[in-house]
Amino acid sequence: MHRQLYLILAIVLLFSASAGIACSGGGGDDDDDDAADDDSDDDDDDTDDDTGDDDDDDGADDDTGDDDDDASMCLISDYTIDTGCDDSADGCILVTYTEDGKELTYTQDIGCDGPSPGDSCTSNEYNAAGWRTNHYVDKDCDGNVDGCGTTTFDGDGIPVAYEYSEDCSDTLSYCETMKYNSKGLVTYRELDYGCDGLDECAHYAYNAAGQETQVNYDTDCDDTNNRCITTEYDADGHMVSSKYDQGCDSINNAGDYCDSFTTDARGATLQTNRDKLCDGVGAGDTCVELTFDEDGNFLSFEQDMDCNGSVESCVDVEFDC
Numbered sequence: 423m424h425r426q427l428y429l430i431l432a433i434v435l436l437f438s439a440s441a442g443i444a445c446s447g448g449g450g451d452d453d454d455d456d457a458a459d460d461d462s463d464d465d466d467d468d469t470d471d472d473t474g475d476d477d478d479d480d481g482a483d484d485d486t487g488d489d490d491d492d493a494s495m496c497l498i499s500d501y502t503i504d505t506g507c508d509d510s511a512d513g514c515i516l517v518t519y520t521e522d523g524k525e526l527t528y529t530q531d532i533g534c535d536g537p538s539p540g541d542s543c544t545s546n547e548y549n550a551a552g553w554r555t556n557h558y559v560d561k562d563c564d565g566n567v568d569g570c571g572t573t574t575f576d577g578d579g580i581p582v583a584y585e586y587s588e589d590c591s592d593t594l595s596y597c598e599t600m601k602y603n604s605k606g607l608v609t610y611r612e613l614d615y616g617c618d619g620l621d622e623c624a625h626y627a628y629n630a631a632g633q634e635t636q637v638n639y640d641t642d643c644d645d646t647n648n649r650c651i652t653t654e655y656d657a658d659g660h661m662v663s664s665k666y667d668q669g670c671d672s673i674n675n676a677g678d679y680c681d682s683f684t685t686d687a688r689g690a691t692l693q694t695n696r697d698k699l700c701d702g703v704g705a706g707d708t709c710v711e712l713t714f715d716e717d718g719n720f721l722s723f724e725q726d727m728d729c730n731g732s733v734e735s736c737v738d739v740e741f742d743c
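In my numbering, each residue carries its 1-based index in the sequence shown increased by 422.
Dropping the structure here:
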């Protein structure tokens, strides 16, 4: 049940963020998952307790270098997850922010019943430049910090490394280093689970607009790509498709999937279909629909696990504007 809730949340966070939520009618985030990223939805080793995104955060903050005004954002403060769409709250996510819109605290409350084993609370600290400097994890939301993450910066104040300890000691459980291009977009990451030798390297490519188009993951860093993600955009810069290729061989293997996206004029994702094996949407695949108000604020999410018209999971949100 916990994993199902986290997966649902990951999808919601990904596509609600794509809307460019703003009180004044749809802003727009011009940073594109560069290293200055504090997404709450990655599928890393849970060192920073981010759930659902296949690229590893470096612990550096989100939104540094954006052209929009974070202070004007309508930020989602409360997610309520209903896995059966039966008006029963199965999971709640509570988020608080800094004055400039950066994630300050993040609480996963399974059952929406307050702090209990299995829940997770995280908090962040930032420097004057807006980069995340420290990340803290309280695994049961009991007020005791269990894990600590720290970002290291170069002489120009750019984050170049992230280290995480599961018990806030000198014993590290996750280490990461990163490199950037001249636009400040991350181009290379080295991931070390256990901090005992490289486990994976990731290479990133972008289009002229700075949107991520390719991510290649190289297990063991032996110059052989093992997982590849290719993303395409339309002429307006809206994401239209993404393919996850296990083996990077362009053959539809078990584990491969293709995502397609339908967006509105603002670029907000209205519908996404996940086609497992990339062989046509059907049984075993997933279809998602999202709704927004007239100002572009994300309102609700419905997930159809077999794309057969029967909705199995719903999410509602509340805003802090």
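C-beta: ideal position from N, C-alpha, C; glycine also.
C-alpha gap between residue i and residue j, whole angstroms
i       : j       : result
Asp-466 : Glu-724 : Annotation note: pLDDT 40 at Asp-466 (below 50); position unreliable, no value reported.
Ala-551 : Glu-598 : 21 Å
Asp-715 : Asp-621 : 44 Å
Thr-544 : Thr-653 : 30 Å
Gly-569 : Asp-531 : 18 Å
Gly-577 : Ala-583 : 13 Å
Asp-508 : Gly-571 : 38 Å
Leu-497 : Phe-720 : 10 Å
Ala-493 : Ser-499 : Reliability of the predicted coordinates at Ala-493 is poor, the pLDDT of 40 falling under 50, and no value is obtained from them.
Lys-601 : Ser-732 : 45 Å
Arg-611 : Phe-575 : 15 Å
Glu-521 : Asn-556 : 18 Å
Gly-579 : Thr-573 : 11 Å
Glu-740 : Glu-711 : 18 Å
Gly-565 : Gly-536 : 12 Å
Ser-510 : His-660 : 34 Å
Gly-689 : Thr-593 : 43 Å
Pro-539 : Ala-624 : 34 Å
Ile-673 : Lys-665 : 11 Å
Asn-695 : Ser-591 : 43 Å
Gly-447 : Gly-523 : Bear in mind that a pLDDT of 34 at Gly-447, under 50, signals an unreliable position, so the number given afterwards is only what the model happens to contain. Answer to the nearest angstrom: the Cα atoms are 17 Å apart.
Thr-529 : Asn-546 : 12 Å
Gln-693 : Asp-717 : 18 Å
Gly-533 : Thr-609 : 39 Å
Option in the options with minimal Cα separation from residue i
i       : options                               : result
Thr-527 : Ser-499, Gly-533 and Thr-518          : Thr-518
Ser-587 : Cys-617, Leu-613, Thr-691 and Asp-667 : Cys-617
Asp-701 : Asp-681, Phe-720 and Ala-687          : Asp-681
Ala-657 : Asp-671, Asn-648 and Ala-687          : Ala-687
Asp-707 : Asp-678, Thr-691, Gly-689 and Thr-713 : Asp-678
Ser-595 : Cys-736, Gln-668, Glu-634 and Asp-614 : Asp-614
Thr-670 : Val-637, Glu-740, Asp-535 and Gly-718 : Here residue 670 is Cys; the residue named in the question, Thr, does not match the sequence. Comparing Cα-Cα distances from Cys-670 to each of Val-637, Glu-740, Asp-535 and Gly-718, the minimum goes to Val-637.
Met-727 : Glu-634, Val-703 and Ala-624          : Val-703
Cys-729 : Cys-736, Asp-697, Gly-718 and Ile-651 : Asp-697
Phe-683 : Gln-668, Tyr-655, Asp-541 and Gly-718 : Tyr-655
Asp-644 : Thr-635, Ser-663 and Gly-619          : Gly-619
Nearest-angstrom beta carbon gap, residue j and residue i [assumed within contact, 8 Å]
i       : j       : result
Thr-502 : Cys-514 : 6 Å
Arg-649 : Gln-633 : Not really, about 20 Å apart at Cβ, beyond 8 Å.
Asp-541 : Cys-563 : 4 Å
Taking 8 Å as the cut-off, does the region 622 to 629 touch the region 600 to 614 (at least 3 CB pairs, one atom from each stretch)? yes
Length at least 3, wholly inside the region 633 to 679: the beta strand (DSSP E) runs in chain order: Here the runs fully enclosed are 634 to 641, 649 to 655 and 661 to 668.
Would you mind listing the beta strand (DSSP E) stretches within the region 499 to 578 that are 3+ residues and don't spill past its ends, in chain order? 513 to 519, 525 to 532, 542 to 548, 554 to 560 and 569 to 575
Could you tell me which uninterrupted beta strand (DSSP E) segments, each at least 3 residues in length, are contained entirely in the region 694 to 722, listed from first to last along the chain? 708 to 714
Which runs of the beta strand (DSSP E), 3 residues or longer, sit entirely within the region 596 to 626? Whole beta strand (DSSP E) segments, 3+ residues: 596 to 602 and 608 to 615.
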